[in-house]
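Here is the structure we will look at.
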Amino acid sequence: MLAALLADSSGQALAHASAWAVFAVGAAMILTGALGVVLLRNPVHCALMLVITLFGIALEFIDQSADFLAAVQIIVYAGAVVILFLFVIMFLGVDRKEAISAEPTRFQRPLAVLLGVVALVEILALSRIDHWSAGTPSQSGALSGPGSNVQKLGQAIYTGYLLPFEMTAALLVIAVVAAVVLSRRHQPSASEMSELDQEELLSARRFTPPDQGDQS
Amino acid sequence: MSVPSAWYLVLAAVLFGLGATGLLIRRNVLVMFMCIELMLNAVNLTFVTFSRDLNDIGGQVNVFFVLVVAAAEVVVGLAIIVAMFRRRAAATADDIHILKG
């Protein structure tokens, strides 16, 4: 978007340079944040590094004219998901450092790095064997053309993708109910208790201090 | 013309690899969750790049759905972590077996 504005005003070369500059800044932010998440020991620092990565991703979205998604990325991820992470970290009081030197299983760490490198090399090798993308262009609506990004995205979601959209609504409701059920403190009813527990509960109820007993 | 899409795809691949490595290295469940978020974001970046490459709105619609699913996943996952902490004050992946029945 910024690149397009610059192309109108002062030529192709400047637009080209600015697109590369935005890409480079975004890439630096993404990689710094990702390394921070993987390597830092304090979970709070990891969450803050995650924010840097998410901002970098939003920057790359803007660079590719996905304006709406960049805004949603900031609002949903940086605004809601990371805050939820930080809330849980603070709520549970786990902002202490992880003993990163203690290895749970032998050779776990070198093997993990090896696996990550193998996955990366595989992706890159596959992309060299074939083209990055091969498919019918504009299958579900053109990206370029008149109209804003939000308008085209909304039209696609509310026409061709209406059923998945409704299903995500149901998914969100299910997630909210699940969160409430999972984090609720469980109070066992009498039928779920053992006989011993029931006896204890009954005797505790039977015993009332004398002054309270007089009032009732 | 802007940056070629191969650069974005390589960047996304590197981010995905970092997230996968972090998921395998770390033992704190919260940080493992953050690494999953990294991998999801790498995939989102590829979706947007392919969307631009093929001039197709479908990729961006998919990113929208990934965002929704990721939000739901985080909500349920964090609820499970909180439930786990109720039982035992530690958040390593080795403690998840206490959740069974």
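Sequence order for the protein chains is A and B. According to our numbering, the stretch in the first sequence is residues 1 to 216, in order. According to our numbering, the stretch in the second sequence is residues 1 to 101, in order. Even glycine gets a Cβ: it sits at the ideal position worked out from N, Cα and C. Since we're looking at a predicted model, the values are computed, not measured.
The Cβ of MET34 of chain B sits closer than 8 Å to at least one Cβ of chain A. Under DSSP, the beta-bridge partners assigned to ASP56 of chain B are A:ALA142. PRO110 of chain A: member of the alpha helix (DSSP H) spanning 108-129, first to last residue.
Spatial neighbours of SER51 of chain B in its own chain (CB-CB distance under 6 Å, excluding positions within 5 residues in sequence) are listed in chain order as GLY59 and GLN60. At least one CB of chain B lies nearer than 8 Å to the CB of LEU172 of chain A. Its Cα nearest to that of PHE33 of chain B, the residue A:PRO43 stands out among A:PHE61, A:VAL113, A:GLN73 and A:PRO43. For the pair of segments examined, the stretch 145-159 of chain A was found to touch the stretch 51-70 of chain A: the number of CB pairs separated by less than 8 Å reaches three. Judged by DSSP in its simplified three-state form, ASN44 of chain B adopts helix. For VAL66 of chain B, no chain A residue has a Cβ inside 9 Å of its Cβ, as the nearest lies near 10 Å away.
If you check the CB distance, VAL75 of chain B and VAL63 of chain B do not come in under 8 Å.
Looking at A:ILE57, A:GLY160 and A:ARG128, the one whose alpha-carbon comes closest to that of GLY141 of chain A is A:GLY160.
In this structure the stretch 12-27 of chain B touches the stretch 23-35 of chain A; the number of beta carbon pairs closer than 8 Å is three or more. Take GLY26 of chain A, set aside five residues on each side of it, and the residues of its chain with a beta-carbon closer than 6 Å to its own are GLY56, LEU59 and GLU60, in chain order.
For a cut-off of 8 Å, the C-beta gap from LEU171 of chain A to ALA83 of chain B is around 20 Å, too long to register as a contact. Taking C-beta atoms under 8 Å as the contact rule, ALA13 of chain B and LEU124 of chain A qualify, at a distance of about 6 Å.
Among the residues of chain B, none has a CB under 9 Å from the CB of GLN151 of chain A; the nearest is roughly 10 Å distant. By the Cβ rule, the stretch 43-52 of chain A counts as touching the stretch 72-92 of chain A, because three or more pairs are nearer than 8 Å.
Secondary structure at ASN42 of chain A: coil, using DSSP grouped into helix, strand and coil.
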